[in-house]
Amino acid sequence: MIGVFDSGSGGVTILEALHKQLPKQDFLYLGDHANAPYGHRSNQQIVDLTRKGVDALMQRGCTLVVLACNTAAAVALRSLQQTWLLDNYPDRRILGVLVPMVEAITEVPWSQEHPGSHKKRPLNVTLFATKKTIESNAYGEEIKKRANHINLTAKACPGLVDAIEGGAGYAPIAGLVSGYVSEILSSRPDAAVLGCTHFPLIKRHFEAALGDKIALYSQPEIVARALIDYLERHPEFTASPNETGRVTLLTSGDPKDVTAANQYLPPHLQTFIKLST
Numbered sequence: 368m369i370g371v372f373d374s375g376s377g378g379v380t381i382l383e384a385l386h387k388q389l390p391k392q393d394f395l396y397l398g399d400h401a402n403a404p405y406g407h408r409s410n411q412q413i414v415d416l417t418r419k420g421v422d423a424l425m426q427r428g429c430t431l432v433v434l435a436c437n438t439a440a441a442v443a444l445r446s447l448q449q450t451w452l453l454d455n456y457p458d459r460r461i462l463g464v465l466v467p468m469v470e471a472i473t474e475v476p477w478s479q480e481h482p483g484s485h486k487k488r489p490l491n492v493t494l495f496a497t498k499k500t501i502e503s504n505a506y507g508e509e510i511k512k513r514a515n516h517i518n519l520t521a522k523a524c525p526g527l528v529d530a531i532e533g534g535a536g537y538a539p540i541a542g543l544v545s546g547y548v549s550e551i552l553s554s555r556p557d558a559a560v561l562g563c564t565h566f567p568l569i570k571r572h573f574e575a576a577l578g579d580k581i582a583l584y585s586q587p588e589i590v591a592r593a594l595i596d597y598l599e600r601h602p603e604f605t606a607s608p609n610e611t612g613r614v615t616l617l618t619s620g621d622p623k624d625v626t627a628a629n630q631y632l633p634p635h636l637q638t639f640i641k642l643s644t
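Take the sequence shown: its position 117, counting from 1, is numbered 484 in this note's numbering, and each next residue is one higher.
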């Protein structure tokens, strides 16, 4: 069984894409709605909350967990992989959403940490993300290692995750997105990155604000393709014969409150169950 962890409902975008690609695989999703959003929290809080969430998924039988939260992946993934996981679940794995996105943007494998050819045309790329993801500079550092022809501009989107989780309507969401996009258009971006898994839920608003001349990188399909590739190289984490494609959604918060964001979620992925302690 594969686990998917996020600070709230945004990771459902990743879960949906994964399940489409792996229909026979059982998935267990955990949204830490009781502590969302993570964007304003300290690094240590994010590490502690992410560790607690991953542990809950692994205690329930997940052999591999995908951190479907850019903030958690940027701040907590490396330390969890290098210390906590080895001490507690050495035969299991934690993956994040940042690696597949960096590979897609740079067109350079993760293992290749050297600048791309200087002959390539400079590209201006804008990253839309939470304040904490941007402060980590994880995207900036990893992209520069692999493709120094890419100029990355980061744009924090305060309040957007809260609006999505709170079930804000079309007009407020569109207004927020339009405002953030208008602030970066002067940099003449060639491409934009939705660096928060909540943002694909409102992808149409970004598309409308950016126009059709700016390429848009969105995580769900990119992460799903990367996981397929990983499982081909590590078949021990693929579905066991007794798995049936079951998808279960857990929340650390009140399931009734989580339904506020349901207007943005697929109908078959709207029913959350309270995480038992």
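Ideal Cβ placement from N, Cα and C applies to all residues, glycine included.
DSSP state of Phe-372 mapped onto helix, strand, coil:
strand
Within its chain, find whatever has a CB closer than 7 Å to the CB of Asn-410; leave out the 5 residues flanking it on each side and keep chain order.
Val-442
Per DSSP, which one or two residues make a beta bridge with Phe-394?
Ile-369, Val-614
So what does Tyr-584 bridge to, in DSSP terms?
Val-560
Along the alpha helix (DSSP H) that carries Arg-513, what are the first and last residues, could you check?
505-513
When the distance is taken between beta carbons, is Thr-564 closer than 9 Å to Lys-400?
Sequence check: residue 400 is His here, not Lys. Not a contact, by the Cβ cut-off of 9 Å.
Pull up the CB-CB distance for Gly-534 and Gln-630, whole angstroms please, since I reckon it's below 8 Å.
6 Å
First and last residue of the beta strand (DSSP E) that includes Ala-496?
490-496
Hey, quick one: how far does the beta strand (DSSP E) through Thr-520 stretch, first residue to last?
517-523
The stretch 465-480 contacting the stretch 497-510, beta-carbon criterion three pairs below 8 Å:
yes
So what does Ile-640 bridge to, in DSSP terms?
Leu-617
Counting C-beta neighbours from all protein chains within 10 Å, is the total for Gly-536 16 or more, i.e. buried, or is it exposed?
exposed
Grab the span of the beta strand (DSSP E) containing Gly-463 for me, first residue to last.
460-463
Since Gln-388 and Ala-591 should fall inside the 8 Å C-beta cutoff, what is the C-beta to C-beta distance between them, to a whole number of angstroms?
5 Å
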